[in-house]
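Chemist: Provided herewith is a single structure, encoded as structure tokens, for subsequent inquiry.
Next comes the structure, spelled out in structure tokens:
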């Protein structure tokens, strides 16, 4: 296993006290002791999730990156086993019954290793691993860490004229972590965009921002959510209450069941069944937005903001659905710029 | 148009000649006066209205004045002399695009001054005991024996702002007088004082929207009227946005003879239809100026030379082409719509407001308004580790020097937030970037540039308006829109702002500009210069930006910023400012 500090490759026996025999730096993980990955693999996950250290991410983003990596290792194996089983079976048919036995064994092994739909590593287990990494290597650069409320007042005093202004657009989410992801990556700053969760996050700015949103009758609202019954019904919910002026337009750009297939292996078991769950995919599973890498979330949301022309009116009459946001690579105009008047 | 220079001390006669020759495109005549210990030079176009016909040389004083006042005056030099006779000098009501030098023969005091918004520039340097000054940097570089060494901290600021802010310029030892200031040089000592500063003082009567709208309409028209002299035909650079369209409408109301010039980026044009609509609705003759990579490449070298300082906004080359078209049409003066965003609350305020609302939520985020503002320039702030070589990084000076340019405005207590952002925009981006570069691109073609939205009375009134009349909810320049809604087509006034966006990424990544980029920013050129990491520049040349960057145009903007800097270094440092 390679040390991430000095890159020395060492045998298990040489790693006394979980330390590198050359530079003595500690290892956070030891696969021989049952950890699902090495320090190098964890570091590679950090590099990938942060797009080379340029994008900030939540612990939920990192969790799914690790899930992908721990499951990725076994992804090719079942296909190889299945191919060998079929090959043995054919040999058994055409050559000798002797080959039926390995075919049977290989088939059983294939079933055991076949990738599932659900995440096998729980978030609780991941959190323990992250805690150990933090202890040994420090908090990863780019990991979004909220300031403790004790460091400042819960509701910050803003210059008084701020409340008279508004935003061109707003992103409303179904969970606070998505708000964190967008704000920490300056999405609000780059796109003159309010970002809020429907349940009141971020608390210090929530009331002021909600008031400001009502100052713009032409507000464009983008709803970004998990593939859950609650998330998928959020746009409809917002369209029928008094969050915005009636003339605001609302666009659902969240994850929906049709986006789920590429993320097999990261699905979660659905929560308690409700009438909103219906009888389809949502009745059995859910998919968290954090499964999409931050760079992709930001870029695809930006495209959705830019490509308002290709919107399709959704099932409700009061809002639009942009189902392409997480499944297309449409190019976008980015407009704006310096002006000479 | 026109330029001045001079010295205090022991300069050589041919030095004055060299300094005037360096700006030969600013006039076909020159005038010089040399007295023991002092000399003044003036380059100008013969017979141009509103300009001084020569250096004023009276018993009491010598006065040279470049540029002109907003309102036509009998003699600009006599007016300056008049005002400087008073103590303290009374410059409070002067408006226009001017830079002057005044020598008091009795008191042996030299006074240099610049207009309040910074249309014209003035630089100075002390060399071998002589104090030199000039309206362009390249004139000072013509001084024989002047050491020309780069100031890395000024380059560092350029790479953040896309222009060089403040008094320092990228050549060590040379300083710039800031807009609205005068420098008094006496007994070998210089003292700088400011005679102009915009302060927000809300006028209660302006809380009545109708009163405010009437004031803006009246002052806007007056600002245009003041800048129309006699019955001359004038040009207008019309983008189709609200600001230049408003100037067009006021020119129409003043019954001016107007020829408009608009940029044509072909399929990539953003506001072409709007520019066409405005010209047609006001019945103005319109000339389309095609802009593409080939045309920019053809004038690139001359653009660098005439800009005088590095300016990293790609709008300069199209402005140069506009100026050339206006000159070819036989015009001497052009109007533009610069200043609307700075005065009336354009879109640039919005990111700062969003950032203010959400500030302080996370560990390791930009903690101050100044840092957030620096990020809004979208150049290399925050990318220093990726771009700078370790050698360059060691030389750029202490932390906080960029923030220091903003603190006087953004940290101003007791003022509305919008006012603080507007003031920072006006003082930095407006006065040190937009106005000087526009002046140089127009004056490079012998054109007198007129910027009525930077009219002093109009600007002072804009700072007396309640902030919600500027940014009304999310509606930018609200009061200007209300003022113009009966004079312009509805879609021009109430349309969503797109901005005059130059498709620079497409241009710099394709031939022939890609060849110029390769020559200036190829691996070997970058290594030779030693400022930047070649791999970062190479990624930009390949069209790759940071993964977190959502807008493709940033690649072109960043590449153009680096290209202009390298081209500027070659001409002004390696070549000491020589003409192409």
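Residue numbers (this note's numbering), protein chains in the order written: chain A, 2 to 342; chain B, 454 to 1033. Note that the Cβ used here is the ideal one computed from N, Cα and C, for glycine as well. In this text the structure is predicted, and so the values were computed from the model without any measurement.
#1: Counting only beta-carbon separations shorter than 8 Å, does residue 162 (chain A) have a partner in chain B?
#2: Kindly examine the ligand ATP and report whether one of its heavy atoms sits closer than 7 Å to the Cβ of residue 130 (chain A).
#3: Please give the ranges of any beta strand (DSSP E) in the segment 632 to 681 of chain B, keeping only runs that are unbroken, at least 3 residues long and fully inside the region.
#4: Taking the straight line between their C-alpha atoms, what separation do you get for residue 180 (chain A) and residue 679 (chain B)?
#5: Mind listing the chain A neighbours of residue 816 (chain B)? Cutoff is C-beta to C-beta under 7 Å, in chain order.
#6: Use the C-beta contact count for residue 461 (chain B): other C-beta atoms within 10 angstroms, 16 or more gives buried, fewer gives exposed.
#7: Classify residue 249 (chain A) as helix, strand or coil using the three-state DSSP reduction.
#8: Within 8 Å of any Cβ in chain B, is that where the Cβ of residue 3 (chain A) sits?
#9: So residue 514 (chain B) is in the beta strand (DSSP E); what residue range does that whole segment cover?
#10: Please confirm if residue 313 (chain A) has its CB atom under 8 Å from at least one CB of chain B.
#11: By Cβ distance below 7 Å, which residues in the same chain neighbour residue 1007 (chain B) in space, the five residues on each side in sequence not counted?
#12: When you compare each of B:767, B:563 and B:589 to residue 1009 (chain B) by their alpha carbons, which one comes out closest?
#13: Using a beta-carbon distance cut-off of less than 9 Å, what residues from the segment 852 to 870 of chain B approach chain A?
#14: Would a check of beta-carbon distances place residue 55 (chain A) closer than 8 Å to chain B?
#15: Return the CA-CA distance between residue 627 (chain B) and residue 857 (chain B), expressed in angstroms with no decimal places.
#16: Take residue 506 (chain B) as the anchor and find which of B:864, B:495, B:515 and B:513 has the nearest alpha-carbon.
#17: Tell me the rounded alpha-carbon separation between residue 855 (chain B) and residue 81 (chain A).
#18: Alpha carbon to alpha carbon, what distance is there between residue 91 (chain A) and residue 84 (chain A)?
#19: Take residue 531 (chain B) as the anchor and find which of B:791, B:841 and B:510 has the nearest alpha-carbon.
#20: Could you check if residue 132 (chain A) is buried or exposed, using at least 16 other CB atoms within 10 Å of its CB as the buried criterion?
#21: Which of the three DSSP states is assigned to residue 908 (chain B) in this structure?
#22: Could you list which residues in chain B have their beta carbon closer than 9 Å to that of residue 138 (chain A), in chain order?
#23: Would you identify the three-state DSSP class for residue 1013 (chain B), choosing helix, strand or coil?
#24: I want to see whether chain B comes within less than 8 Å of residue 210 (chain A), judged by CB atoms only; does it?
#25: Applying a beta-carbon distance threshold of less than 8 Å, which residues of chain A neighbour residue 657 (chain B)?
#26: Just to confirm before moving on: does the CB-CB distance between residue 742 (chain B) and residue 715 (chain B) stay below 8 Å?
#27: What do you get for residue 1025 (chain B), buried or exposed, if any count of 16 or more other CB atoms within 10 angstroms of its CB means buried?
#28: Taking just the CA atoms, how far does residue 302 (chain A) sit from residue 311 (chain A)?
#29: Please list, in chain order, all residues of the same chain as residue 690 (chain B) whose beta carbon is under 7 Å from its beta carbon, the five residues on each side excluded.
#30: From residue 772 (chain B) to residue 64 (chain A), what distance separates their C-alpha atoms?
#31: Could you check the C-alpha separation between residue 284 (chain A) and residue 49 (chain A) for me, to the nearest Å?
#32: Strictly by DSSP, which residues pair up with residue 457 (chain B)?
#33: Using 8 Å as the threshold, is the C-beta distance between residue 222 (chain A) and residue 321 (chain A) below it?
#34: Is it right to say residue 808 (chain B) is buried, meaning 16 or more other beta carbons lie within 10 angstroms of its own, or is it exposed?
#35: Looking at chain A, is there any beta carbon in it that lies within less than 8 Å of the beta carbon of residue 803 (chain B)?
#36: Distance, Cα to Cα, residue 475 (chain B) vs residue 595 (chain B)?
Modeler: Here's the rundown:
#1: Translated into positions along the first chain, residue 162 (chain A) becomes position 161. Closer than 8 Å: yes.
#2: As far as ligands go, the structure on display features none, and thus does not contain the ligand ATP.
#3: 634 to 639 and 642 to 647
#4: Translated into positions along the first chain, residue 180 (chain A) becomes position 179. Translated into positions along the second chain, residue 679 (chain B) becomes position 226. Taking the straight line joining both Cα atoms gives about 52 Å.
#5: Numbered from 1 along the second chain, position 363 holds the residue referred to as residue 816 (chain B). For a Cβ distance threshold of 7 Å, residue set 146 and 148 of chain A lies close to residue 816 (chain B), ordered along the chain.
#6: Indexing the second chain from 1 puts residue 461 (chain B) at position 8. By the 10 Å Cβ count, residue 461 (chain B) comes out buried.
#7: Numbered from its first residue, the first chain carries residue 249 (chain A) at position 248. Coil at residue 249 (chain A), not helix or strand.
#8: Within the first chain, numbered from 1, the residue matching residue 3 (chain A) stands at position 2. No, no contact with chain B.
#9: Within the second chain, the letter at position 61 stands for residue 514 (chain B). Here the beta strand (DSSP E) through residue 514 (chain B) covers 514 to 522.
#10: Stepping through the first chain from its first residue, residue 313 (chain A) is reached at position 312. Here residue 313 (chain A) scores only 42 on pLDDT, less than 50, and its place in the model should not be relied on; the value that follows carries that caveat. So no, residue 313 (chain A) is outside the interface.
#11: Numbered from its first residue, the second chain carries residue 1007 (chain B) at position 554. Answer for residue 1007 (chain B): 831 and 998, listed in chain order.
#12: As a position in the second chain, residue 1009 (chain B) is number 556, starting the count at 1. Considering only alpha carbons, the answer is B:767.
#13: 868, 869 and 870
#14: Here residue 55 (chain A) refers to the residue found at position 54 when the first chain is read from its first residue. True, the Cβ-Cβ gap to chain B drops below 8 Å.
#15: As a working mapping, residue 627 (chain B) is identified with position 174 in the second chain. As a working mapping, residue 857 (chain B) is identified with position 404 in the second chain. So the alpha carbons of these two residues sit roughly 20 Å apart.
#16: Here the question's residue 506 (chain B) lines up with position 53 in the second chain. Here the closest residue by C-alpha is B:495.
#17: Position 402 of the second chain holds residue 855 (chain B). Position 80 of the first chain holds residue 81 (chain A). Each residue's alpha carbon lies about 59 Å from the other.
#18: Looking up residue 84 (chain A) in the first chain gives position 83. Looking up residue 91 (chain A) in the first chain gives position 90. Roughly 11 Å between the two C-alpha positions.
#19: By 1-based counting over the second chain, the position of residue 531 (chain B) is 78. Among B:791, B:841 and B:510, the Cα nearest to that of residue 531 (chain B) is on B:510.
#20: Counting from 1 along the first chain, the entry for residue 132 (chain A) is found at position 131. Burial call: exposed.
#21: Mapped onto the second chain, residue 908 (chain B) falls at position 455. Note: residue 908 (chain B) maps to coil in three-state DSSP.
#22: Along the first chain, one-based indexing puts residue 138 (chain A) at 137. By Cβ distance, chain B contributes nothing, its closest Cβ being about 16 Å from residue 138 (chain A), past 9 Å.
#23: Mapped onto the second chain, residue 1013 (chain B) falls at position 560. Note: residue 1013 (chain B) maps to helix in three-state DSSP.
#24: The residue given as residue 210 (chain A) occupies position 209 in the first chain. Yes, because at least one Cβ of chain B sits closer than 8 Å to the Cβ of residue 210 (chain A).
#25: As a position in the second chain, residue 657 (chain B) is number 204, starting the count at 1. The premise fails here: residue 657 (chain B) is roughly 16 Å from chain A at the closest Cβ pair, so nothing lies under 8 Å.
#26: Taking the first residue of the second chain as 1, we reach residue 742 (chain B) at position 289. Taking the first residue of the second chain as 1, we reach residue 715 (chain B) at position 262. In this structure, residue 715 (chain B) lies closer than 8 Å to residue 742 (chain B) by Cβ.
#27: Residue numbering aside, residue 1025 (chain B) sits at position 572 when the second chain is read from its first letter. Residue 1025 (chain B) should be labelled buried.
#28: Your numbering for residue 311 (chain A) matches position 310 in the first chain. Your numbering for residue 302 (chain A) matches position 301 in the first chain. With a pLDDT of 48 at residue 311 (chain A), under the threshold of 50, the predicted position of this residue should be treated as unreliable, though the coordinate-derived value follows. Those two C-alpha atoms are separated by around 14 Å.
#29: Sequence index remark: in the second chain, residue 690 (chain B) carries index 237 (1-based). Cβ neighbours of residue 690 (chain B) beyond the five flanking positions: 697, 714, 775, 787 and 789.
#30: Indexing the second chain from 1 puts residue 772 (chain B) at position 319. Indexing the first chain from 1 puts residue 64 (chain A) at position 63. The alpha-carbon atoms of residue 772 (chain B) and residue 64 (chain A) are separated by roughly 51 Å.
#31: Here residue 284 (chain A) refers to the residue found at position 283 of the first chain. Here residue 49 (chain A) refers to the residue found at position 48 of the first chain. The straight-line gap from Cα to Cα measures roughly 32 Å.
#32: Looking up residue 457 (chain B) in the second chain gives position 4. Per DSSP, the beta bridge partners of residue 457 (chain B) are B:495.
#33: Counting from one through the first chain, the residue named residue 222 (chain A) turns up at place 221. Counting from one through the first chain, the residue named residue 321 (chain A) turns up at place 320. Contact flag unset, no.
#34: Within the second chain, the letter at position 355 stands for residue 808 (chain B). Buried.
#35: Here residue 803 (chain B) corresponds to residue number 350 of the second chain, with the count starting at 1. Yes - at least one Cβ of chain A is within 8 Å of the one on residue 803 (chain B).
#36: As a first step, residue 475 (chain B) must be located in the second chain, where it is residue number 22. As a first step, residue 595 (chain B) must be located in the second chain, where it is residue number 142. A straight line joining the alpha-carbon of residue 475 (chain B) with that of residue 595 (chain B) spans about 7 Å.
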